[in-house]
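Colleague:
Residue numbers (this note's numbering): 1104 to 1241.
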């Protein structure tokens, strides 16, 4: 019967602590690198902000800047008229969108499925849709 020692040899402890120390140093290096990269991103953002601040400070005393129309200081009828105009514009955009949607639904629903030859129908080019920027996309 062989005896298994109850303790770890000195070189075993040495290997364990060297591994733990290298792991700790690697972890610190990793977090230092992440912090460094975040600092560089912050410096870029600060540079962008200083550029914008230069533009704003140069334009601060410019005569072409107008003060904003404050609703608190405006006449009640003017405020109500602006709000009614905004609501009417929004309603007209909504109605136009609904009309386009209904026209598309009617166009899709009016296809004669029985008379369509499906392999040919699948290869016909699709209509290109406009994206939010106004460019045509696929």
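Think of the CB as a built atom: it goes at the ideal place given N, C-alpha and C, for glycine as much as any other residue.
Everything numeric in this text was worked out from a predicted model, so none of it was measured.
1) Quick check on residue 1110: does DSSP put it in helix, strand or coil?
2) Using a threshold of 7 Å, state whether the C-beta atoms of residue 1182 and residue 1191 are closer than that.
3) Which stretch, first to last residue, makes up the alpha helix (DSSP H) that contains residue 1179?
4) Report the three-state DSSP secondary structure of residue 1176 (helix, strand or coil).
5) With H, G and I counted as helix, E and B as strand and the rest as coil, what does DSSP make of residue 1151?
6) Residue 1261 by DSSP, collapsed to three states: which one?
7) From the DSSP output, in three-state form, read off residue 1217 for me.
Modeller: Quick answer:
1) Counting from one through the chain shown, the residue named residue 1110 turns up at place 7. Correct three-state label for residue 1110: coil.
2) Locating residue 1182 in the chain shown gives position 79, where the first residue counts as 1. Locating residue 1191 in the chain shown gives position 88, where the first residue counts as 1. Taking 7 Å as the Cβ cut-off, residue 1182 and residue 1191 do not qualify as a contacting pair.
3) As a first step, residue 1179 is located in the chain shown; it is residue number 76 there, counting from the start. Run containing residue 1179: 1179-1212, per the alpha helix (DSSP H) assignment.
4) For the purposes of this step, residue 1176 is taken as the residue at position 73 of the chain shown. Residue 1176: coil per DSSP, three-state reduction.
5) Position 48 of the chain shown, counted from the first residue, corresponds to residue 1151. It is helical.
6) Lying outside 1104 to 1241, the shown extent of the chain, residue 1261 is not represented and no answer is given.
7) Within the chain shown, numbered from 1, the residue matching residue 1217 stands at position 114. Three-state DSSP puts residue 1217 in coil, outside helix and strand.
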